[in-house]
Every structure is written in structure tokens, then in C-alpha cells.
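Please read the structure below before turning to the comments.
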Amino acid sequence: MLRPTLLIAAVAVLSGACSESPSDERAMRLVDAMASDTHIGLVPGGSSDLGDSAGVPSVDGALPDAAAPPAPPPPPTLQQAIATITQKQLEADLGTIASDAYGGRNPGTPGGEKILDYVENIFKTAGLAPPTGQSSMRQKFTVGGTPTANIIGVMPGTDPLLKDEVVIVGGHHDHVGTSSDSGCGASASGNNICNGADDNGSGCTTIINVARALALLKGQNRRTLVFMTFGAEEKGLVGSRYYVEQAPLYPLSKTVYMINVDMVGYSQGGSVQALGGGRSQATSSIINQAAATYGVTPQITEKAGGGSDHYHFALAKVPYVFFFTGFHPCYHKTCDTVDRINFVDYTKIVKTVAHLAWEVTQRDQSPREDFASDYVMPAPSFKADAHAHVHDGIEWIDRSTQQWIRGPGSLYAP
Ligand SMILES: [Zn+2]
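Numbering (this note's numbering), first residue to last: 881 to 1294.
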């Protein structure tokens, strides 16, 4: 039903004005209006400027919704998210955290605090959340009486069946500091900072860049994705052990996969070891698929491999894979600097880790379903670290008895 005011206007027009005067054009548009049935608020004898056609009433008199917001862009795809991982950004992040300003990132030192801020700020900027039940992304603990922390950023899962299952992408952010802090040998030039570009600047930078990229897919992840940089790894896997044994913020039984990245900056020809990856057919095929996508050659082994932060997760029977490009002469030396990192292959490895993390998060099948967890983890061998631990009186492994020796400052002092 057409509205009364319009009827009056129409009659006025039709009864004699549509042939000559300048209002003809107005008249014709009115006719159009009538045809499109939009109320323009015309009153007899009154003047109104029709202006643009937006105001033309529709047949049912409803005003067209001129301000309809444009349809939201489709959510980014995994490929689009991973494409945001660039060598340039990796060089920037690793160049920063392995710079002398970070002083070798020994816990409790200014550099050891800077790295906590650096990681936390990036997790926050990426839009990650603190762990469930916590207001902060810092899981605090002390080592040898020195306060430090694990940094944990989370993308809560969205799938009603899988959201309580957790995939952890982790690597340690600390290093051994200076030659006076620990056993890292000072260089001939007197530079005594062990910058730890590869150990584990490369792993820590992997975690923050994978987090940035996958955070673009927030809301699409079925399982919960947890990004974690561990503290005090160089002091005996203290941060990851604290998480597993003292304060797992997510049930370990619901933790379906732990991806550990430690020293991935010295790839030879695109190769990377994926230790433990061969314990699950499902995940090893994902590793192969992801690696093929980004031009990486994975050496997937069943060998468990100790000495890094997956160790205590593995002891707790959490399926894991440990990415590592091997020891080298600059391990725990002042020459472990950013200029020695193979960034071309390193970038491919970071993309591969992102792809793997996402695939395991999205698949129906949980890695727990086929992960061969019937293995005995070897006691970790802490050559250099044993020296460091004596220093800090924390704990170390007695290589002759393979027994833990707990110093007075140990978290686990009897
Ligand atoms: Zn390391």
C-alpha cells in the first residue's frame, strides 16, 4: 500500500506538470520514485531537493539501506598467514635478541629480563591470550633463587569436541650470558658475551614468528594452540620441567603434541632433524608434507633425543617432535652470532613449523592415537651445563651415575 503523502504528490504531477517546466525532470524522478515506492517526504506545494536516488523510497516504502556495511573479507587461509613470515622479520627479531644489548639472555640479568618483555609484547600485540586461569602471560619461577619466567600466549580452541586438547609450540628464550656468568669461553677479542643467536635465538624467534602468523587465523583453530618460550633451559631444562612437574597450566593428558624448536639456524642445504617425529606415522607424514611445501629436507627419526625442553614432556608421555640443525663449533661460544645464521633455510624451517602446528591443531586424528610412547628417555648429557650448574648450585647430572644431583638452590631440593 502506497502512502498517502505520495499519492497527493503524484496526483499533482500527473495533473498537468509533466510536459514543459524544469520540474519535469523532478516529476519524472518522482514517477520513478513511485515506481520504486520510496517515501521522500514530499509535501503538497512544498519544495524538496530529491538529491541522489538513495532517498528514493522502495515499493514497500522502506528506505534503501544506503549504509549497509560491506561484507567482511573472508578469513585468511593458512597459506596467506604463513606468507606473512618473512626472512626480513626473522632477521630483525633474531638480530635484536642476539645483540649485545641482550647480554646473552642469562636469567636474572638485564638481558634476561629484556627477553621476557620482548616475547610478551609480541604475544600481546599478536592478540594472544594469557593461559586459562591466569591474568599474565608470565609463569614465574625461581632458579638458584633468581626469579625468571616462562612466557605463555594462547589461542583458545573453538571446536566443541577438540578445544580442550592442546598443541604446544615451544623453545627456550634464555642463554648462558657472558663468560663471567657461565662457562661460555670469552673470544680472543675480549668479547665475553655469548649472544646465543642459534642457541636458542633461532628457536625463540621461530616461536614468536609462528605465533604472529597463526594468530591471524584466530577463531579458526579447532584445538587450543599454546605458544611457550621457556626460561632457564641452560640451567637444566628448569622452566619446562617446572611447567610439566610443578604447574602444567593445561592437563598433560590433554596435551596432544609438543613441538620443540632449539637451534635451527645452522641448516645444511635445507635439512633439519625432526627428532622423535618418527614415533607417529600421522605426524611424520604431516612433517614430510609441510617440509615439502617449503623446500625443507626433514630427517625424521624415532630417536628420542634429550637435552632440550621436549624432554620432560616426553617423560610425561606427551607426543613431541624436536627440531634441531645440530651442534657446531660456536655452540655456547661468543661466536654464536647472528651473522652465522643460514637465514634462507631457517626461514623455510620456520614456515614448516607453522604449517605442522596448524595441521595438528586442525586434524580430527590426535597424535596421541598413534604416538609410540613406549620408550625410555636417556638421561640428558650436560657437558657444558654440568659446569654451569655447579656454578649455580642448582642441579646437574652425575655423568658416572646418570643420577640427578640437586644443589641447595634447586627447585627440587629435597
Ligand atoms: Zn638451547
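Built from N, CA and C at the ideal position, the CB exists for glycine as well.
Note that this is a predicted model, so its numbers are computed, not measured.
Item, Value
"Verify the contact flag: Val1080, CB atom, against every heavy atom of ligand 1, threshold strictly below 7 Å.", "Note on residue identity: the sequence assigns Asn, not Val, to residue 1080. Yes."
"Mind checking whether Ala961 and Leu1094 have CB atoms under 8 Å apart?", "yes"
"Exposed or buried, Gln1019, counting other C-beta atoms within 10 Å across all chains shown (16 or more means buried)?", "buried"
"Gln1153: which of Gln1161, Val1136, Val1176, Lys1134 sits nearest, CA to CA?", "Val1176"
"Helix, strand or coil for Gly1025 per DSSP?", "coil"
"State buried or exposed for Phe1251, treating a residue as buried only when at least 16 other CB atoms are found within 10 Å of its CB.", "buried"
"Can you check which of these residues, Gly988, Thr1026, Asn986, Met1138, is closest to Leu1195 by C-alpha distance?", "Met1138"
"Excluding the 5 residues preceding and the 5 following Ala1112 in the sequence, name in chain order all residues of the same chain whose CB lies nearer than 7 Å to its CB.", "Pro987, Val1023, Thr1028, Asp1054, Val1118, Gly1119"
"Is any heavy atom of ligand 1 found at a distance shorter than 7 Å from the C-beta of Asp1142?", "yes"
"Are Cys1074 and Thr1086 touching if we call contact CB-CB under 8 Å?", "no"
"Within the present structure, is the beta-carbon of Val1240 separated from the nearest heavy atom of ligand 2 by less than 7 Å?", "Ligand 2 is absent from the structure shown, which contains only ligand 1."
"Within the same chain, show all residues whose beta-carbon is closer than 7 Å to that of Val1144, passing over the 5 residues directly before and after it, in chain order.", "Ser1082, Gly1083, Thr1086, Val1152, Phe1203, Phe1204, Thr1205, Tyr1226, Ile1229"
"Given that a residue counts as buried once 16 or more other Cβ atoms are within 10 Å of its Cβ, and exposed if not, what is Glu1249?", "exposed"
"Starting from Pro1240, trace the beta strand (DSSP E) both ways and give me its first and last residue.", "According to the sequence shown, residue 1240 is Val rather than Pro. First-last for Val1240: 1223-1242, but that is the alpha helix (DSSP H), not the beta strand (DSSP E)."
"On the DSSP letters alone, give me the boundaries of the alpha helix (DSSP H) that His1052 sits inside.", "From DSSP, His1052 is part of no alpha helix (DSSP H) but of the beta strand (DSSP E) over 1046-1052."
"Cα-Cα, which of Gln1161, Thr1005, Phe1193 is closest to Thr1181?", "Gln1161"
"Where do the N-terminal and C-terminal ends of the alpha helix (DSSP H) with Thr1002 fall, by residue?", "The question names Thr, but residue 1002 in the sequence shown is Ile. Looking at the DSSP string, the run of the alpha helix (DSSP H) that includes Ile1002 is 990-1006."
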